[in-house]
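Remarks on the structure that follows.
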Amino acid sequence: MTEARVRGTTRIVGSGLLGASVGLGLRQYGLDVVVTDASRTAARLAVEYGAGREPRADDAPSLIVVAVPPDATAEVVAAELAAFPEAIVTDVASVKAAPLAELTAAGADLARYVGSHPLAGRERGGPISARADLFLGRPWVVCPRPGLARESVSAVEALALDLGATPVEMDASAHDESVALVSHTPQLVSTLMARRLAGSTDAALGLAGGGVRDVTRIASSDPALWVQILSANAATVASILRAYRNDLDEVIGALENIDEPGSRRALAETLAGGNAGVARLPGKHGQDRRFASVVVLIDDRPGQLGRLFAELGELGINIEDFRMEHSPGAQIGIAEIAVVPEALARTVEDLTERGWRIAG
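Going by this note's numbering, the sequence shown opens with residue 3, and the numbers climb by one from there.
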């Protein structure tokens with residue numbers, strides 16, 4: 003492992019998924035990391051998992067990472083700025099304008115505060131779900147401001163780089179508008195679709211495939227946390243949802259009058275618009291490129307998925323994305339592997355030679 007860019011002691015306030023993952027990632031460099039939390043149990047659990055050590059009276063951190071719920075972020079940042087007058091303080095809250103406004107109104111010393119947000123997470127929270135590689139390859143937004151020292155911004159960008167993330171500079175308002183579109187609104191869309199499943203029959207749910215699973219994957223996220231996130235970015239999310247509602251009304255109108263002239267065309271144009279939108283999503287490492295898909299049939303026996311990954315590694319095939327599907331009662335699973343287009347033919351040929359069954 004290369005030498006860490008972060009220097010000195012890092013203090014992490016909040017030992018949930020993000021805080022504990024930051025600690026685990028920094029500890030891989032052998033850095034001194036302090037973990038604290040309003041919940042002693044959560045803090046001790048994070049320490050036991052290796053995310054850092056407990057605080058000491060003589061701690062003098064050079065960097066403080068506040069990883070608490072959004073509605074407590076500004077208060078905790080202000081307290082940390084006051085308690086450690088030499089430290090640079092950042093936070094990882096998923097909204098940036100609201101905490102900054104609260105800190106400004108409270109008269110906090112903002113010369114050492116740099117708002118930031120790693121675009122990473124999992125459906126489950128807490129230190130037990132933390133991972134040292136959680137931020138690998140993910141964007142980490144850092145929010146500079148006029149008059150803010152470049153050294154402070156660089157310190158937070160160094161943190162992101164040490165954790166394998168890609169720093170992206172963006173002001174607080176632009177950040178909030180962006181995540182409303184790519185994170186906050188999708189959470190609600192996923193949730194609303196998942197609500198339709200709650201009253202369905204077991205027979206219908208038994209037919210569930212990749213489509214509904216992909217759409218509803220994030221619907222199991224923590225409701226209490228998301229109420230806070232959405233409340234802090236409410237106006238922007240509502241604006242996007244109104245446009246979404248207008249699109250939905252047009253689709254409903256076409257479906258209800260499917261034999262009317264233009265209805266099928268309206269549906270086709272909506273679907274094509276979706277194609278155009280998803281084509282703009284950046285691929286791995288921020289490159290806007292499409293991947294080829296290889297569908298492998300896997301016997302429902304222990305160790306088969308691990309064997310597939312191992313053999314792909316032996317063949318020098320890089321997995322750009324992965325999706326697994328397994329229907330209840332089926333004796334096989336379906337592993338969909340995304341590879342760069344130029345590796346498609348070789349992947350199919352080599353896996354077939356090793357006895358794997360390739361769909362299609």
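For each residue, glycine too, the CB sits at the ideal point set by N, CA and C.
For Val97, same chain residues with a beta-carbon under 6 Å away, outside a window of 5 residues either side, are Pro72, Asp178, Ala234 and Asn235 in chain order. Per the DSSP secondary-structure output, Trp142 pairs in a beta bridge with Pro120 and Pro169. Excluding the 5 residues flanking it on each side, Glu171 has same chain C-beta neighbours closer than 7 Å at Val144 and Pro146, in chain order. Annotated as distal: Val36 and Ala48, with beta-carbon spacing of 8 Å or more.
Taking 8 Å as the upper bound for CB-CB distance, Val217 and Ser192 are in contact here, some 6 Å apart.
Of all C-beta pairs linking the stretch 102 to 113 to the stretch 22 to 42, fewer than three are shorter than 8 Å, placing the two stretches out of contact. Taking 8 Å as the cut-off, the beta carbon of Val91 is found no closer than this to the beta carbon of Ile130.
Going by C-alpha positions, Leu232 is about 10 Å away from Ser185.
The C-alpha of Gly149 is placed about 10 Å away from the C-alpha of Leu112. With respect to the 8 Å criterion, Leu26 and Arg133 are classified as neighbours on the basis of their beta carbons. Closest option to Arg219, judged by alpha-carbon separation, among Pro188, Val239, Ser241 and Glu271: Pro188. Taking 8 Å as the cut-off, the beta carbon of Val239 is found no closer than this to the beta carbon of Ala176.
Comparing alpha carbon positions, the residue from Ala103, Ser223, Ile321 and Gly335 closest to Thr349 is Ile321.
Collapsing the DSSP output to three states places Val97 in coil.
Here DSSP, grouped into helix, strand and coil, assigns Ala162 to helix.
One alpha carbon belongs to Leu314, the other to Arg55, and they sit about 38 Å apart.
Every alpha helix (DSSP H) of 4 residues or more that sits fully in the stretch 270 to 356 is shown, in chain order, as 306 to 316 and 346 to 355. Under the Cβ criterion (8 Å, minimum of three pairs), the stretch 194 to 202 does not count as touching the stretch 40 to 47. Within the stretch 63 to 89, the complete beta strand (DSSP E) segments at least 3 residues long are 65 to 68, listed from N- to C-terminus.
Judged by beta-carbon spacing, Gly21 lies beyond the 8 Å limit of Ala89, meaning their Cβ atoms are not closer than that value.
For Leu243 against Ala256, the beta-carbon gap comes to about 20 Å, at or over 8 Å, which does not count as contact. Sequence-distant partners of Gly52 (beyond 5 residues in either direction) whose C-beta falls short of 7 Å from its own C-beta, in its chain, are Leu26 and Arg29.
Along the stretch 169 to 203, the alpha helix (DSSP H) occurs as fully enclosed runs of 4 or more residues at 174 to 181 and 187 to 200, listed in sequence order. The straight-line gap separating the alpha-carbon atoms of Arg114 and Leu83 is approximately 8 Å. Asp93 is classed as buried because its beta carbon has at least 16 other beta carbons within 10 Å across all chains shown. For Ile254, the three-state secondary structure derived from DSSP is helix. Cβ atoms of Gly166 and Leu19 stay farther apart than 8 Å, at about 16 Å. Membership of Arg215 in the alpha helix (DSSP H) is indicated by the continuous run Gly212 to Thr218.
Inclusion of Asp164 and Ala6 in the CB contact set at 8 Å is warranted, their separation being smaller than that value.
Assigned with DSSP and collapsed to three states, Arg359 falls in strand. Just measuring C-alpha positions, the residue of Ala151, Arg124, Ala122 and Trp358 sitting nearest Leu299 is Trp358.
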